[in-house]
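The block underneath contains the structure these notes are about, expressed in structure tokens.
Residue numbers (our numbering): 70 to 518.
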């Protein structure tokens, strides 16, 4: 990948010379490889390289944003001129501006973001890994009758940022994943499920064999699913679902949603919004984090941000624009593409683990739902009310008994957060950059037969 720091700095200088009060240049480049395998055959095979450059200019309180994929000298000079023309006819907004200069910088932590070896993995090897995951899964159990396919995906990317406050930074990242989705059938009823592995480093991926086996186990376990009666009951929440709950709380605390009054956490800063067992942190400076970064999309130095501490909403998470709207400081959580303005986005977002073994959490439930999947489509973000399709397993006398389907889970996000009574010790980032442990929620409304 080319080093674009000089280009970014030169463009900032050109924009300032042309009359910009403030400006930044954001450049993103990436190389991607993807392949889809189904029933052993290649359905899709693609490799792509892309790059883009975005200019943001602020003058007399107005902002203009332009972008291009043409890095030719003439093209970028024309873009500078066009951007300065556009900003003249843009509307002024007193909250426009860059992040405060004193917050700019690069975190001191030595981040492990880039795997040099990934570029050396041959396409044949990647295809073989996806194919193996599918083959192992299909052969795991005779009730596995079909496959929705297996997938390999990897990305190498680079971010470059320069602004008129003398910040210039650049970093590279890698990521790779293997996934497989299978279909099982019993008594004429089909079920499907999946599994995957994801990491920045090739040698930290789980083996294709283990991915295929886990996908098959999860799929077969769904066979024989039953309906349950509508009721109010405790729920044990699998980490794949509890991470979604934490993500919902995070974006409800996003500055843009707060100043627009479109969140159930409006006017809740400093208040208890969850069980005292709940502490949620977003840490972009985690050394081996799957979403770590030395600085955010506005150049703010990466550092941990505690969003919820022992149930109390400690702060809203803000980019510089929403921070000014709320008379707060940016929290270093800005993300963006070269085509767009900065906005709030999480990095390594997690809920602190508790002391309970997940098996003990299940044993504590006399009758309730072990929730493994939630559609997450029916949320009213203003009120926090939701009603979603759900799947999981029924718990009787502390034992997981049979799978359940065709149910809905309804309630309010704040009520769920406050109803957390046990927190597992099984926090893991193996499945992504948003992670939470197993949870026990005292009660929720289950809609069934």
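Ideal placement from N, C-alpha and C gives every residue a C-beta, glycine not left out.
None of the values given here were measured: they were computed from a predicted structure.
Between residue 483 and residue 453, how many whole angstroms is the CB-CB distance? I'm expecting something under 8 Å. Within the chain shown, numbered from 1, the residue matching residue 483 stands at position 414. Within the chain shown, numbered from 1, the residue matching residue 453 stands at position 384. Their Cβ separation, rounded to whole angstroms, is 5 Å, which keeps residue 483 and residue 453 in contact under 8 Å.
Between the stretch 81-91 and the stretch 107-116, do at least 3 Cβ pairs fall closer than 8 Å? Output reads no: the stretch 107-116 does not touch the stretch 81-91.
8 Å Cβ shell around residue 519 - same chain, five flanking residues per side excluded: In this structure the chain extends from 70 to 518, so residue 519 is not present and cannot be described.
Counting along the chain, where does the alpha helix (DSSP H) carrying residue 278 start and finish? Here the question's residue 278 lines up with position 209 in the chain shown. Where residue 278 is concerned, the enclosing alpha helix (DSSP H) stretches over 277-290.
Name the two residues that bound the continuous beta strand (DSSP E) containing residue 512. Along the chain shown, one-based indexing puts residue 512 at 443. The continuous beta strand (DSSP E) containing residue 512 extends over residues 508-516.
Whole angstroms is fine: what's the gap from residue 150's alpha carbon to residue 162's? Along the chain shown, read from residue 1 onward, the residue named residue 150 stands at position 81. Along the chain shown, read from residue 1 onward, the residue named residue 162 stands at position 93. When rounded, the separation of the alpha-carbon atoms in residue 150 and residue 162 is 22 Å.
State the Cα-Cα distance for the pair residue 232 and residue 160, rounded to the nearest angstrom. In the chain shown, residue 232 corresponds to position 163, counting from 1. In the chain shown, residue 160 corresponds to position 91, counting from 1. In this structure, the straight-line span from the alpha carbon of residue 232 to that of residue 160 is close to 22 Å.
What separation, rounded to the nearest whole angstrom, lies between the Cα atoms of residue 281 and residue 108? In the chain shown, residue 281 corresponds to position 212, counting from 1. In the chain shown, residue 108 corresponds to position 39, counting from 1. Between residue 281 and residue 108, the C-alpha separation is close to 13 Å.
In this structure, does DSSP put residue 297 in helix, strand or coil? Taking the first residue of the chain shown as 1, we reach residue 297 at position 228. Reduced to three states, the DSSP call for residue 297 is coil.
Within the same chain, show all residues whose beta-carbon is closer than 6 Å to that of residue 275, passing over the 5 residues directly before and after it, in chain order. Start at 1 with the first residue of the chain shown, and residue 275 comes out as number 206. Counting only Cβ-Cβ distances below 6 Å, and skipping sequence neighbours, we find 266.
Among residues of its own chain, excluding the 5 on either side of residue 486, which ones have a beta-carbon nearer than 7 Å to its beta-carbon? As a working note, residue 486 is residue 417 in the chain shown. Non-local beta-carbon contacts of residue 486 in its own chain, meaning distances under 7 Å to residues more than five positions away in sequence, involve 318, 342, 343, 344, 347 in chain order.
Is the beta carbon of residue 137 sitting closer than 8 Å to the one on residue 126? By one-based count along the chain shown, residue 137 stands at place 68. By one-based count along the chain shown, residue 126 stands at place 57. No, the pair does not count as a contact, with Cβ atoms beyond the cut-off.
Bounding residues of the beta strand (DSSP E) (the contiguous stretch that carries residue 333): As a first step, residue 333 is located in the chain shown; it is residue number 264 there, counting from the start. Taken as a continuous stretch (DSSP letters only), residue 333 belongs to no beta strand (DSSP E), as it is neither H nor E.
Proximity of residue 353 and residue 336 at Cβ, strictly below 8 Å: Here the question's residue 353 lines up with position 284 in the chain shown. Here the question's residue 336 lines up with position 267 in the chain shown. Between residue 353 and residue 336, the C-beta spacing is not below 8 Å.
Quick one: residues in its chain with C-beta nearer than 6 Å to the C-beta of residue 118, no 5 flanking neighbours on either side, listed in chain order? Within the chain shown, the letter at position 49 stands for residue 118. For residue 118, where only same-chain residues beyond five positions count, the Cβ hits under 6 Å are 100.
Where residue 192 falls, given that 16 or more other Cβ within 10 Å makes a residue buried: In the chain shown, residue 192 corresponds to position 123, counting from 1. Exposed, by the Cβ-count rule.
Give the straight-line distance between the Cα atoms of residue 245 and residue 272, rounded to the nearest whole angstrom. Translated into the one-based positions of the chain shown, residue 245 becomes position 176. Translated into the one-based positions of the chain shown, residue 272 becomes position 203. Residue 245 and residue 272: Cα-Cα distance of roughly 10 Å.
Same chain, Cβ closer than 6 Å to residue 514, five either side skipped, listed in chain order: Sequence index remark: in the chain shown, residue 514 carries index 445 (1-based). Excluding positions up to five away in sequence, the list reads 301, 479, 480.
What's the call for residue 396, buried or exposed, on a 16-neighbour Cβ count within 10 Å? In the chain shown, residue 396 corresponds to position 327, counting from 1. With a 10 Å radius around the Cβ and a threshold of 16 neighbouring Cβ atoms, residue 396 comes out exposed.
Enclosing beta strand (DSSP E) for residue 417 [first to last residue]: Taking the chain shown and counting its residues from 1, one reaches residue 417 at position 348. Unbroken run through residue 417: none, as it is neither H nor E.
Would the stretch 250-270 count as touching the stretch 387-403 if we require 3 or more Cβ pairs under 8 Å? Short answer: they don't touch.
How would you label residue 389, buried or exposed, when you count the other beta carbons within 10 angstroms and need 16 or more for buried? As a working mapping, residue 389 is identified with position 320 in the chain shown. Counting Cβ neighbours within 10 Å, residue 389 comes out buried, since at least 16 surround it.
Residue 207: first and last residue of the uninterrupted alpha helix (DSSP H) it sits in: One-based indexing of the chain shown puts residue 207 at position 138. Counting along the chain, the alpha helix (DSSP H) containing residue 207 begins and ends at 192-208.
Please check if any C-beta of chain D sits within less than 8 Å of the C-beta of residue 340. Annotation note: the requested chain D is absent from the structure, which comprises a single protein chain.
What residues match up with residue 102 in a beta bridge as DSSP calls it? The sequence position of residue 102 within the chain shown is 33, counting from 1. BP columns for residue 102 point to 116, 223.
Applying the criterion that 16 or more other CB atoms from any shown protein chain within 10 Å of the CB defines a buried residue, is residue 158 buried or exposed? The residue labelled residue 158 in the question sits at position 89 within the chain shown. Exposed, since its Cβ has fewer than 16 Cβ neighbours within 10 Å.
Inter-stretch contact (C-beta, 8 Å, three-pair minimum) for the stretch 301-311 and the stretch 496-507: In short, these stretches touch, since the Cβ pair count reaches three.
With a 10 Å radius around its C-beta and 16 neighbouring C-beta atoms as the bar for buried, classify residue 214 as buried or exposed. Numbered from its first residue, the chain shown carries residue 214 at position 145. Under this definition residue 214 is an exposed residue.
So within the stretch 211-262, which uninterrupted beta strand (DSSP E) runs reach at least 3 residues, ignoring any that extend past its ends? Along the length of the stretch 211-262, whole beta strand (DSSP E) runs at least 3 residues long occupy 213-232, 237-255, reported in chain order.
So residue 317 is in the alpha helix (DSSP H); what residue range does that whole segment cover? Working through the chain shown from its first residue, we reach residue 317 at position 248. From DSSP, the alpha helix (DSSP H) with residue 317 extends over 308-321.
DSSP state of residue 390 mapped onto helix, strand, coil: As a first step, residue 390 must be located in the chain shown, where it is residue number 321. Reduced to three states, the DSSP call for residue 390 is helix.
Apart from the five residues on each side of it in sequence, which residues of its chain come closer than 8 Å, Cβ to Cβ, to residue 328? Residue 328 sits at position 259 when you count from the first residue of the chain shown. Excluding sequence positions up to five before and after residue 328, its CB lies within less than 8 Å of the CB of 391, 394, 395, all in the same chain and listed in chain order.
Please classify residue 75: does DSSP put it in a helix, a strand, or coil? The residue you call residue 75 lines up with position 6 of the chain shown. Residue state, collapsed to three classes: helix.
Span of the alpha helix (DSSP H) around residue 180: Locating residue 180 in the chain shown gives position 111, counting from the first residue. Residue 180: not part of any alpha helix (DSSP H); DSSP gives it neither H nor E.
Nearest to residue 475 by CA position, among 468, 467, 463, 469, is which residue? In the chain shown, counting from the first residue as 1, residue 475 sits at position 406. For residue 475, the nearest C-alpha among the options comes from 463.
Spatially closest choice to residue 229 from 169, 78, 181, by CA coordinates: As a working mapping, residue 229 is identified with position 160 in the chain shown. Ranked by Cα distance from residue 229, the options 169, 78, 181 are led by 78.
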